[in-house]
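See structure below.
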Amino acid sequence: MTDNGLKDYMRHTMEMRRLTNSEVINKYWNHAHSIHSIKRIAFTLNGNLQWHSDNEEGIEYNNSLWLKSNYYNPIGKHLAIEQVRNYLQMHMNSYEIWGTFPIEIDLNDAQSSKISIEQEIRKVIILCNSISTMMGASLSWKPALYSKVKILPLSSPPDEVEEHEKWVCMPMKSTQEEMTSTIVKDKHFTSTLIPFYSKLISLPEKVKEPINTSIDWHAQGNKYFSGLNRFVNYWESIELLGHYFYTHLNASEINRKSKEDKKHKILEMLRGDLNHSNCTRIVKECNEIRDPTARTKIISVFSKIIDRDKIIGDLFEPDKKSQRSLYKIRNDIAHGKLSEKDFDRESICYSRLYDAQKVSRSMIFSIISNIEYFVNNLS
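Residue numbers (the numbering used here): 1148 to 1526.
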């Protein structure tokens, strides 16, 4: 690269740096010439999802999304051929899916290109989260560059090493989940996963953001390396939907009080039989009227589409084994009362992790299944 070429490149990259500090947007912009030439923005999905595909060219949806499995089947092949992929798949339980979306960017207009890149990144995030939510897989996405590379033949093996011994540290999996992967076929993508993604990106604008954010939180909870944060993620996926729809649904639908009604009710309680023995209880009830708790909001919203007793039982009542409700576990973690060094308590809480995942997923799907009701009753 000449001095002038280097200056042009630095000027090009700084144009985007001035507009955004997002590392991923700037990463794509650094390769803008390549993206502009092929008119595709690439990404990878990485995690414990094995896609055993029969289609070497990948699959395409609606002349837009293209996906291809990068799964490597080592059976009957020399281990040295794909050492990195073998290590990732066999030892790290990590598999890869390639993908691209079409994109148009203007090399001379960083502002419009930034908007285009942001739009496609949002699609990638929704796609990754939708697959994770549907399959219960631990997935993350990474920016990628789709380009043609030269493949060289395997070089001669190194000289034979004499047999010897040495000390090594062999990693073990800390949980059964880390050793588990989900196997999917092409039909899962074409009949279930991609249609679900398509539904999410075509949701009505009024509800698209909260629902996709909820799925984002749920997918973060699916990442098995997130530790105790997973409980908080699953809980937040429910709570944010409860808060959003409690705030935005018609007041008559969920018995939400107006500001004036709240004032009248609070004054009525304070003017009543207020004394030393009941003052804290009344203050607590007044505060609930002023700002309803997450419990109130969740029950008010979801009881429109799910049995009220089931909601209370799933979220707020302890089970027989752990003697803790999901709400209690969430609060203990969020308030610093539980950590991974509390081995016995941690194992008891982890026994309820599947319950948290199942309830979160079910409640998200219940909203999506009844989306017309929520859209039609927004204030």
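Even glycine gets a Cβ: it sits at the ideal position worked out from N, Cα and C.
| Touch check for the stretch 1436–1453 and the stretch 1507–1519: three-plus C-beta pairs under 8 angstroms? | yes
ask   = Between PHE1248 and SER1277, which are expected to be in contact by the criterion C-beta below 8 angstroms, what is the C-beta distance as a whole number of angstroms?
value = Not confirmed; about 14 angstroms, so no contact.
In terms of residues, what are the limits of the beta strand (DSSP E) holding PHE1531? Here the chain covers residues 1148 to 1526 and nothing more, so residue 1531 does not appear.
Where the alpha helix (DSSP H) through LEU1481 begins and ends
First, the amino acid is wrong: residue 1481 is Ala here, not Leu. Per DSSP, ALA1481 belongs to the alpha helix (DSSP H) from 1473–1481.
field: Buried or exposed (CB count within 10 angstroms, at least 16 for buried), ARG1403
entry: With 16 or more neighbouring CB atoms inside 10 Å of its own CB, ARG1403 falls in the buried class.
Residue ranges of each alpha helix (DSSP H) run of no fewer than 4 residues wholly in the stretch 1319–1407, ordered along the chain?
1341–1348, 1352–1368, 1376–1395, 1398–1401
Buried or exposed for ILE1298, please, with buried defined as at least 16 other CB atoms from any protein chain shown within 10 angstroms of its CB. exposed
Exercise. Using the Cα positions of MET1148 and ILE1272, report the straight-line distance between them to the nearest angstrom.
Key: With a pLDDT of 46 at MET1148, under the threshold of 50, the modelled position of that residue is not reliable, and the figure given next carries that caveat. When rounded, the distance between both Cα atoms is 35 angstroms.
Q: Assign ILE1476 to buried or exposed, taking buried as 16 or more other Cβ atoms, counted over all protein chains shown, within 10 Å of its Cβ.
A: So ILE1476 ends up on the buried side.
Margin query: If distances are taken between C-alpha atoms only, which option among ILE1445, TRP1245, SER1472 comes closest to LYS1215?
Written below: TRP1245
Opening and closing residue of the alpha helix (DSSP H) in which TYR1234 lies = 1230–1238
Residue nearest to ALA1291 in terms of C-alpha spacing, selected from LYS1224, GLU1267, LYS1431:
GLU1267
task = Determine the DSSP secondary structure at LYS1451, reduced to helix, strand or coil.
result = coil
Under 9 angstroms between C-beta atoms of ARG1499 and LEU1462: no
Cβ pair TRP1127, TYR1175 closer than 9 angstroms: Only positions 1148 to 1526 of the chain appear in the structure, and residue 1127 is not among them; the question remains open.
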